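These protein sequence lines are chains Y and V, in that order. Mapping of the first sequence onto numbering that gives the first Met the number 0: residues 0 to 200, in sequence order. Mapping of the second sequence onto numbering that gives the first Met the number 0: residues 0 to 172, in sequence order. Idealized CB from N, CA, C, for every residue including glycine. Only a predicted model underlies this, so the values are computations on that prediction, with no experimental measurement involved. I have placed the structure first, in the form of structure tokens, so that the comments after it can refer back to it.
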Amino acid sequence: MNFDELKDAWANEPVEGPSVPTKLKSTTGNAIYRLRKNMKTEFSWTLIGLGLTLIFMFRQGHFSNLTFCAAFMLFAQSGYFFTRFFLFYKRSGRYDIGLKKNIRQFVYELEINMEVYRTYSICVTPLACLAWIGLLGGEHSSYIRQYFNADISTNPEKLISMLAVLVALQVFGAVMLQLHQKTQYNRYLKELKSVVSEFED
Amino acid sequence: MLEKDKHITQSFLASVETHKGILYKICRLYQEGEEDRQDLFQEIVLQLWKAHESFRGDSQFSSWMYRVALNTAIVYLRKQRRYGQHVVQAPYPERGEDVAPLQDSQEKLILFQKAIHQLSKAEKAVIFLYMEGHSGKDMADILGLSPANVRVRLNRVKDKLQSIIKNMGYELR
């Protein structure tokens, strides 16, 4: 086949496409931008959750040491993890590097950040639960208040039941996150991985 | 809208208008149905607009546009089609009994474009840049591959296209 001859025909071919839209649609079919959009949405919801926690803390004014420590750790860990996620978000969607490098790097970082997200979830689920039980329960239930202020050295069964609740919440959180990642991230990750493998061949 | 923003928007739209032929060729390469092509076209313009701030003017607008447009087309998710919906494909000469040589350049091009649809996304990008007249170095830069790798891939794609066209029952001379 004479490709040079075809090149001329290709260059001279009149192309009648659609006109350039002056108003752009807001939805996107771009895998990378869908992922970025999901990240943005999740970040917003987490911020709302953290904001509500802060509001409850200020509104209540007094809370147990355990509640305060849990809330403090929740904010500190969220700050650390979300800085990481934000840096990844900023790095994604750039076009100053080649196609293969861009997509491969994005896939690589996405996989790492999905793992980091799991770690974040495992770290903060018990803290968030403790903080919220302490904040809401402490206000309305004397039983929970006593529970949180109990001397665990004399009440080992309370310690065990508390740990059991935390482990159960953590397992529930991990399963939910796994399902969430499967629906919100894995589809796009799979698509991008297939593109990377095409370039790796 | 501020006067400056208005000017930026107008100059962006004018640049895209100038190069819209390239964009439409990319859409035709990566999507088969007219509706899907229009969706991809919109998507590319949207991504170009979003990435417009990152265009520093070090390279030509068209080179930067190739990069963004191909990137968008390659990671663009195909719409889920409902059962029974068909894609209308570009007509091409019917297959003959034996391998038939084609003489007319328009017929050759239609057949060639048909054959390209059987390539993978990465292969399409390679042959597209080659057909657009990019040098090996430019292609390597846009695709993020080494120039040697581009040469090898290009030869492989050309061979693959030859055999696809032969399987269709034609021969380009």
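Worksheet item: Applying the criterion that 16 or more other CB atoms from any shown protein chain within 10 Å of the CB defines a buried residue, is Y/Leu-120 buried or exposed?
Response: Here residue 120 of chain Y is taken as the residue at index 121 of the first sequence, counted from 1. A small fix is needed here, since residue 120 of chain Y is Ser in this sequence, not Leu. Y/Ser-120 is buried by the Cβ-count criterion.
Item to complete: May I ask you to list the residues that DSSP assigns as paired with Y/Asn-29?
Response: In the first sequence, residue 29 of chain Y corresponds to position 30, counting from 1. According to DSSP, which records beta bridges pairwise, Y/Asn-29 is partnered with V/Tyr-75.
Worksheet entry | Distance between V/Val-74 and Y/Asp-150 (C-alpha atoms, nearest Å) | Taking the first residue of the first sequence as position 1, residue 150 of chain Y is located at position 151. Taking the first residue of the second sequence as position 1, residue 74 of chain V is located at position 75. Whole-angstrom Cα-Cα distance: 57 Å.
Worksheet item: What whole-angstrom Cβ distance do Y/Pro-125 and Y/Leu-165 have, given they're in contact under 8 Å?
Response: Here residue 125 of chain Y corresponds to residue number 126 of the first sequence, with the count starting at 1. Here residue 165 of chain Y corresponds to residue number 166 of the first sequence, with the count starting at 1. About 4 Å separates the two Cβ atoms, so the contact holds.
Worksheet item: How would you label V/Leu-28, buried or exposed, when you count the other beta carbons within 10 angstroms and need 16 or more for buried?
Response: Taking the second sequence and counting its residues from 1, one reaches residue 28 of chain V at position 29. By the neighbour-count rule (16 or more Cβ atoms within 10 Å), V/Leu-28 is buried.
Fill in: is_contact[V/Asp-137, chain Y] using C-beta, thresh 8 Å
Start at 1 with the first residue of the second sequence, and residue 137 of chain V comes out as number 138. Chain Y, which has no Cβ nearer than 8 Å to the Cβ of V/Asp-137, makes this no.
Worksheet item: Beta carbon of V/Gly-173, beta carbon of Y/Asn-101: below 8 Å?
Response: Residue 173 of chain V lies beyond the stretch modelled for chain V, which goes from 0 to 172, so this question has no answer here.
Discussion item. Under DSSP, the alpha helix (DSSP H) around Y/Asp-7 begins and ends at which residues?
Written reply: The residue given as residue 7 of chain Y occupies position 8 in the first sequence. Element bounds for Y/Asp-7: 2-11.
Discussion item. Using a 10 Å radius around the Cβ and a threshold of 16 neighbouring Cβ atoms, would you call Y/Asp-7 buried or exposed?
Written reply: Mapped onto the first sequence, residue 7 of chain Y falls at position 8. Y/Asp-7 comes out exposed.
Discussion item. Is the separation between the beta-carbon of V/Met-64 and that of V/His-18 shorter than 8 Å?
Written reply: Within the second sequence, residue 64 of chain V is the residue found at index 65, counting from 1. Within the second sequence, residue 18 of chain V is the residue found at index 19, counting from 1. Going by C-beta atoms, V/Met-64 is nearer than 8 Å to V/His-18.
Discussion item. Any beta carbon from chain Y within less than 8 Å of V/Ala-121's own beta carbon?
Written reply: Counting from one through the second sequence, the residue named residue 121 of chain V turns up at place 122. With 8 Å as the cut-off, V/Ala-121 counts as an interface residue toward chain Y.
Practice prompt. Please report how far the alpha carbon of Y/Gly-136 lies from the alpha carbon of Y/Gln-169, in whole angstroms.
Written response: Looking up residue 136 of chain Y in the first sequence gives position 137. Looking up residue 169 of chain Y in the first sequence gives position 170. Rounded to whole angstroms, Y/Gly-136 to Y/Gln-169 spans 19 Å at the Cα level.
Discussion item. Between the alpha carbons of Y/Leu-65 and Y/Phe-55, how many angstroms are there, rounded?
Written reply: Position 66 of the first sequence holds residue 65 of chain Y. Position 56 of the first sequence holds residue 55 of chain Y. Going by the C-alpha atoms only, they are around 15 Å apart.
Practice prompt. Check the Cβ of V/Tyr-75 against every Cβ in chain Y and list those closer than 7 Å, keeping chain order.
Written response: If you number the second sequence from 1, residue 75 of chain V lands on position 76. The answer, in chain order, is Gly-28 and Asn-29.
Worksheet item: So is Y/Val-174 buried or exposed if we call it buried at 16+ other beta carbons inside 10 Å?
Response: Residue 174 of chain Y sits at position 175 when you count from the first residue of the first sequence. Under this definition Y/Val-174 is an exposed residue.
Practice prompt. For Y/Asn-101, return the contacting residues in chain V, with the cut-off set at a CB-CB distance below 8 Å.
Written response: Along the first sequence, one-based indexing puts residue 101 of chain Y at 102. Near Y/Asn-101 (Cβ distances below 8 Å), the residues of chain V are Asn-70 and Gly-143.
Worksheet entry | Distance, Y/Phe-84 Cα to V/Thr-71 Cα | One-based indexing of the second sequence puts residue 71 of chain V at position 72. One-based indexing of the first sequence puts residue 84 of chain Y at position 85. Cα to Cα, the separation comes out at about 23 Å.
Item to complete: For the alpha helix (DSSP H) containing V/Phe-127, list its first residue and its last residue.
Response: As a first step, residue 127 of chain V is located in the second sequence; it is residue number 128 there, counting from the start. Unbroken alpha helix (DSSP H) run through V/Phe-127: 120-130.
Worksheet item: For the stretch 101-120 of chain V, which residues have a beta carbon sitting closer than 8 Å to at least one beta carbon of chain Y?
Response: Ser-104, Gln-105, Lys-107, Leu-108, Phe-111, Ser-119 and Lys-120
Discussion item. To the nearest angstrom, how far is the alpha carbon of V/Leu-45 from that of Y/Asn-29?
Written reply: On the second sequence, residue 45 of chain V is found 46 positions in, with the first residue counted as 1. On the first sequence, residue 29 of chain Y is found 30 positions in, with the first residue counted as 1. Going from the Cα of V/Leu-45 to the Cα of Y/Asn-29 covers about 10 Å.
Worksheet entry | Close-in-space but distant-in-sequence residues of the same chain around V/Phe-60 (CB under 6 Å, 5 per side omitted) | Within the second sequence, numbered from 1, the residue matching residue 60 of chain V stands at position 61. So the list reads Ser-14, once near-sequence residues are dropped.
Worksheet entry | Proximal residues, the stretch 45-56 of chain V versus chain Y, C-beta separation under 7 Å | Leu-45, Gln-46, Trp-48, Ala-50 and Ser-53
Practice prompt. Look at the alpha carbon of Y/Phe-147 and the alpha carbon of Y/Ala-167, and state the distance between them as a whole number of angstroms.
Written response: Within the first sequence, residue 147 of chain Y is the residue found at index 148, counting from 1. Within the first sequence, residue 167 of chain Y is the residue found at index 168, counting from 1. Computed Cα separation, rounded: 18 Å.
Discussion item. For V/Leu-69, tell me which candidate among V/Leu-47, V/Glu-34, V/Asp-158 and V/His-116 has the shortest Cα-Cα distance.
Written reply: Within the second sequence, the letter at position 70 stands for residue 69 of chain V. Nearest of V/Leu-47, V/Glu-34, V/Asp-158 and V/His-116 to V/Leu-69, Cα basis: V/Leu-47.
Item to complete: Specify whether the stretch 101-113 of chain Y and the stretch 147-163 of chain V touch according to this definition: at least 3 beta carbon pairs, one from each stretch, less than 8 Å apart.
Response: no
Fill in: Neighbourhood of V/Leu-153 by C-beta, 7 Å cutoff - its chain only, sequence neighbours within 5 removed
Reading the second sequence from its first residue, position 154 is the one you call residue 153 of chain V. Answer for V/Leu-153: Val-125 and Tyr-129, listed in chain order.
Worksheet item: Using the beta-carbon of each residue, which ones in chain V are nearer than 7 Å to Y/Ile-96?
Response: The sequence position of residue 96 of chain Y within the first sequence is 97, counting from 1. Per Cβ cutoff of 7 Å: Gly-143.
Discussion item. If you reduce the DSSP assignment to three classes, tell me which class V/Glu-170 lands in.
Written reply: To locate residue 170 of chain V, count along the second sequence from 1; it is residue 171. Note: V/Glu-170 maps to strand in three-state DSSP.
Item to complete: Could you tell me whether the Cβ of Y/Glu-108 comes closer than 8 Å to any Cβ of chain V?
Response: For the purposes of this step, residue 108 of chain Y is taken as the residue at position 109 of the first sequence. It does not: the Cβ of Y/Glu-108 has no partner Cβ on chain V nearer than 8 Å.
Worksheet entry | Proximity test, Cβ basis, 8 Å: V/Lys-159 and chain Y | For the purposes of this step, residue 159 of chain V is taken as the residue at position 160 of the second sequence. No, because no Cβ of chain Y sits closer than 8 Å to the Cβ of V/Lys-159.
Worksheet item: Going along chain Y in order, which residues have a C-beta closer than 8 Å to the C-beta of V/Glu-31?
Response: Position 32 of the second sequence, counting from 1, holds the residue named residue 31 of chain V. In chain order: nothing, as chain Y lies at least about 15 Å away.
Practice prompt. Starting from Y/Tyr-79, follow the alpha helix (DSSP H) in both directions and report where the run begins and ends.
Written response: The count along the first sequence starts at 1 and reaches residue 79 of chain Y at position 80. Per DSSP, Y/Tyr-79 belongs to the alpha helix (DSSP H) from 64-90.
Fill in: Within chain Y, the residues that V/Glu-34 reaches when beta carbons sit closer than 8 Å
For the purposes of this step, residue 34 of chain V is identified with residue 35 of the second sequence, where counting begins at 1. Those do not exist, as V/Glu-34 stays about 11 Å from chain Y at its closest Cβ, beyond 8 Å.
Worksheet item: Shorter than 8 Å from the beta carbon of Y/Arg-93 to some beta carbon of chain V?
Response: Counting from one through the first sequence, the residue named residue 93 of chain Y turns up at place 94. Closer than 8 Å: yes.
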